[in-house]
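Some notes on the structure that comes next.
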Amino acid sequence: MRDVADALADAHLPTDLADATAAVLQRWTQDKDIILPLHEILNQLRSP
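Here the working numbering is used: position 4 in the sequence shown is 39, and no number is missing along the way.
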């Protein structure tokens, strides 16, 4: 997603959505293969 954000920036387009998606995916990386209750997943994604 960082590559997408860079490409959008190069085209002078907003990068907000790509940046936000990259941040969420980075936070999710450690737990993506673990089954957790939804509230725990959302708490994990909210904390930087």
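Glycine is no exception: its CB is placed at the ideal position from the N, C-alpha and C atoms.
Check whether the Cβ atoms of residue i and residue j lie closer than 8 Å to each other.
i: residue 57; j: residue 44; result: no
i: residue 76; j: residue 68; result: no
Among the candidates the options, whose CA atom is the shortest distance from the CA of residue i?
i: residue 36; options: 72, 73, 54 and 70; result: 54
So residue i is in the alpha helix (DSSP H); what residue range does that whole segment cover?
i: residue 23; result: Coverage of the chain is limited to positions 36 through 83, which leaves residue 23 absent and any answer about it impossible.
Spell out a yes or no on whether the stretch 76-83 and the stretch 49-67 are touching, meaning 3 or more CB-CB pairs, one atom from each, closer than 8 Å.
-> Inter-segment contact for the stretch 76-83 and the stretch 49-67 is present: three or more beta-carbon pairs are separated by less than 8 Å.
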